[in-house]
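Protein chains in written order, with the working numbering: chain A, -4 to 134; chain B, -4 to 134; chain C, 512 to 622; chain D, 512 to 622. Reading through the C-alpha cells given below for one structure.
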Amino acid sequence: MENIIKLEFVNKSCNENLARMAAAAFVMPLDPTCEEISEIKTAVSEAVTNAIIHGYEDSVGMIRMDGKIDGNTVEFTITDKGCGIPDISKAMEPLYTGKPELERSGLGFTIMESFMDKIEVKSTLGAGTSVKMKKVIKK
Amino acid sequence: MENIIKLEFVNKSCNENLARMAAAAFVMPLDPTCEEISEIKTAVSEAVTNAIIHGYEDSVGMIRMDGKIDGNTVEFTITDKGCGIPDISKAMEPLYTGKPELERSGLGFTIMESFMDKIEVKSTLGAGTSVKMKKVIKK
Amino acid sequence: MDLKLIGEKRTIIVNIKEDLDHHAATELRKAVDAKIKSSNAINVIFNFSKVDFMDSSGIGVIMGRYKITKILGGKVVIYGVKKQARRIIEMSGIDKLICICDTLDESLQKI
Amino acid sequence: MDLKLIGEKRTIIVNIKEDLDHHAATELRKAVDAKIKSSNAINVIFNFSKVDFMDSSGIGVIMGRYKITKILGGKVVIYGVKKQARRIIEMSGIDKLICICDTLDESLQKI
Ligand SMILES: Nc1ncnc2c1ncn2[C@@H]1O[C@H](COP(=O)(O)OP(=O)(O)O)[C@@H](O)[C@H]1O
Ligand SMILES: Nc1ncnc2c1ncn2[C@@H]1O[C@H](COP(=O)(O)OP(=O)(O)O)[C@@H](O)[C@H]1O
C-alpha cells in the first residue's frame, strides 16, 4: 500500500481539527486500531498546534501537512515557515515551554515521541520548522 | 470568517473518503446542519470520484481540492490534470455517463447541482478539469 | 462488508458496513458477482442499516445487480436505508424499480 | 461548552462538548475565567464525559484553573474522563494534583 497527501492551511486554530481529521482519514486504509488512530490524531494535533502558536506567533502563515503511506508505515510531516526553534533539544525536554503565559504545558513533543515510533525535528531560525513523525500500523 | 485549505492526493479510490472528511471538517466552523454536511460530503465525493475515474482513467495522477470560506459561503474546487471533458453540457445532463461499462449512473453532476448552490465546470481536452462548487451555510 | 448465502431462498444477503462510495462499490460489486457465479443465488438483499453515506456509485452497484438478477429471474431488495442514502435513492428513481423494505424479514418475504 | 454556577457551593460546572484542543482551550479558558471573576465561585468542576479527544492544550487549561482556584482557596475536580483523555492526563501527572471522579455527585462531595 502506497499513498500520499499534501494538505495546506492557514494558521487558524479551527484548522487543528481539520488536520487531525485528515490524518485519521488518511491512515484508515491501513485498518488501524482505535488506539492507533487516537495516537496519530493526538501527535498531529500537537505538531499543528505548535506550528500555529509557536511557529507564527501573532502573524498569519500557511502550514503544510504531508502524509505518506509506505507498506504499513505512515509518516506525517508538519511544516511551517515561521520563527524556527533556537535550541531543539531544549524544546524537546518534557515540560519545557517557551510560552508559559499561554498556559502551554510543555508536553507536546513528549506526546509526539511517545505516541509515534520515530520523530525528527528540523528547524532554521527565521525560516521555519518541520516535524516528521512515523508510525508502524500493526497487522 | 475567512479560511482556506489546499489538499492534494493521488487518484486512489481510498482517497475519496479522505477528501469528504477534510471537506466536512473544513466547513465545521460555520456550524452547518447535519443535512448541509451530508450535502457537501456527497457533492465533494462525486467530483473527486469523477476526477479519479474519468479524469485519469487508468493512469496515476494528482487531484487537488481547494477549499475557501468567505463569510458564510463555502467553496470547493476539485481539479485534475487528466483527459478533460469534450462536451461539458452533455456531460452535465442527468443520466449521461461516458462509462456505462463501469456501472456509472450518470448522476454525479445532477447531485452536485442539487446539493450545492452553484457549480462551475472548466475543462480543456488533454489538460484537465476543474469543478468549482459553492454553498451558503444558513444561519 | 460481509455476504451470507441462504441456499434454500437462492438469496445473498449483503451487509454493507462502510460508506458506499466508488471505492467500496468496486469491492462490493466484485464480491457479490463472484458469489452469484459460484452459488445458486438469483436474489440479492442489501442491508443498508450501517450505511451513513452513499453517493451515486452506490446507485450504480444497485442498478447493476438489478439487471443481473432480472436476467436470472430474481430480485434485488434493500432495507434499513437511512436518511442521506434515501435522498440519493429517491433522486435516482431506482425506488420505482426495486423494493425498499424496513427489515430483513420483510425483505425475505418480497423475494 | 456550557457553564453552570452553583452559588451555594461556590462552584462552576463546565460541560465540555467538543474536542479539547488548543482552539477549544482558548475559548474555555476565557469563559471560565470570566465566570470566576463575575461570581463568588472558587471551585471548578469539568465534565469530561463528552470529550472524545484532548491534547496537551487541555492539560494547560486544567493546570491554569488549578492554580487560580488554589489562590482563591478552592479546587478543580474533573469527572467522566474517557480513555484517550485519561492517557494524556496520566502522562502529564496532573492526576496527582487534582481529583478525578466518576460522577458529578462524587465531584460535588470532593469540593
Ligand atoms: N513549530 C515551532 N516553531 C517554533 N517553536 C516551536 C515549534 N514547535 C515547538 N516549538 C518550541 O518548543 C517548545 C516546546 O514545545 P512543546 O513540547 O510542544 O510544548 P508546548 O507547546 O506546550 O510549549 C515550545 O514552547 C516552543 O518554544
Ligand atoms: N473530471 C472529469 N474528467 C473527464 N471527464 C469527466 C470528469 N467529470 C465528469 N466527466 C464526464 O462527464 C460524465 C458525467 O459525469 P457524472 O454526471 O458525474 O456521471 P458518472 O460519473 O456517473 O458518469 C462522465 O461519465 C464523464 O464522461
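All C-beta atoms, glycine included, are put in the ideal place defined by N, C-alpha and C. None of these values were measured; they are calculated from a predicted model.
C-beta atoms of residue i and residue j nearer than 8 Å
| i | j | result |
| --- | --- | --- |
| C/G569 | C/L514 | no |
| C/F564 | C/V592 | no |
| D/K621 | D/K586 | yes |
| A/E70 | B/K1 | no |
| B/T124 | B/I80 | yes |
| A/V126 | A/D112 | no |
| B/N(-2) | A/C9 | yes |
| B/M128 | B/I114 | yes |
| C/A596 | C/V562 | yes |
| B/G62 | B/A18 | yes |
| C/S618 | C/V572 | no |
| B/S118 | B/I83 | yes |
| B/M87 | B/V116 | yes |
| D/T580 | D/I599 | no |
| C/L539 | C/M574 | no |
| A/N6 | B/M23 | no |
| A/K94 | A/I48 | yes |
Cβ separation of residue i and residue j, assumed to be a contact under 8 Å, to the nearest whole Å
| i | j | result |
| --- | --- | --- |
| D/S567 | A/L102 | 4 Å |
| D/A535 | D/E529 | 5 Å |
| B/L25 | B/I64 | 7 Å |
| A/A42 | B/M16 | That belief does not hold up - the Cβ atoms of A/A42 and B/M16 are roughly 19 Å apart, past 8 Å. |
| C/I527 | C/I547 | C/I527 to C/I547, Cβ: 16 Å. No contact. |
Residue i, buried or exposed, once every other Cβ within 10 Å from all chains shown has been counted against 16
| i | result |
| --- | --- |
| C/N551 | exposed |
| A/E52 | exposed |
| B/L120 | exposed |
| A/P27 | buried |
| C/I582 | exposed |
| D/V525 | buried |
| C/V555 | buried |
| A/A122 | exposed |
| C/S603 | buried |
| A/G50 | buried |
| A/E31 | buried |
| C/D616 | exposed |
| A/S100 | buried |
| D/A545 | exposed |
Closer than 9 Å at the beta carbon, the chain C residues around residue i
| i | result |
| --- | --- |
| B/T37 | F564, M565, D566, S567, Q595, R598, I599 |
| B/T68 | The contacting residues do not exist; B/T68 stays about 22 Å from chain C at best. |
Cross-chain neighbours of residue i in chain A, by beta carbon under 8 Å
| i | result |
| --- | --- |
| B/P24 | C9 |
| D/I570 | S100, L102 |
Chain B contact residues for residue i, given Cβ-Cβ distances below 9 Å
| i | result |
| --- | --- |
| A/V5 | E(-3), N(-2), I(-1), I0 |
| C/M602 | L102, T105, I106, S109 |
Cross-chain neighbours of residue i in chain A, by beta carbon under 7 Å
| i | result |
| --- | --- |
| D/D613 | Here the premise fails: no neighbours, minimum Cβ distance about 21 Å. |
| B/L13 | I0, A17, A20, F21 |
Partner residues on chain B for residue i, Cβ-Cβ distance less than 8 Å
| i | result |
| --- | --- |
| A/M16 | M16, A17, A19, A20 |
| C/T537 | S8 |
Chain-ordered chain D contacts of residue i [CB-CB under 8 Å]
| i | result |
| --- | --- |
| A/I48 | H533 |
9 Å Cβ cut-off: residues of chain A touching residue i
| i | result |
| --- | --- |
| D/G575 | E98 |
| D/R540 | E98 |
Chain C residues whose Cβ lies nearer than 8 Å to that of residue i
| i | result |
| --- | --- |
| B/P73 | In the sequence as displayed, the identity of residue 73 of chain B is Ile instead of Pro. Correct list: empty, because the minimum Cβ distance to chain C is about 14 Å. |
Contacts that residue i makes with chain D (C-beta to C-beta distance below 7 Å)
| i | result |
| --- | --- |
| A/S40 | D532, D566 |
Chain C contact residues for residue i, given Cβ-Cβ distances below 7 Å
| i | result |
| --- | --- |
| B/E33 | As written in the sequence, residue 33 of chain B is Ser, which differs from the Glu given in the question. In chain order: Q595. |
Listed by chain order, chain D residues near residue i by CB distance under 9 Å
| i | result |
| --- | --- |
| A/T44 | D532, H533, H534, D566, S567, S568 |
Closer than 7 Å: residue i CB and nearest ligand 4 heavy atom
| i | result |
| --- | --- |
| D/L608 | This structure does not include ligand 4; its bound ligands are ligand 1 and ligand 2. |
Touching by the beta-carbon criterion (3+ pairs, under 8 Å), the region 27 to 37 of chain B and the region 30 to 38 of chain A: no
Contact between the region 517 to 533 of chain D and the region 604 to 613 of chain D: three or more CB pairs below 8 Å? no
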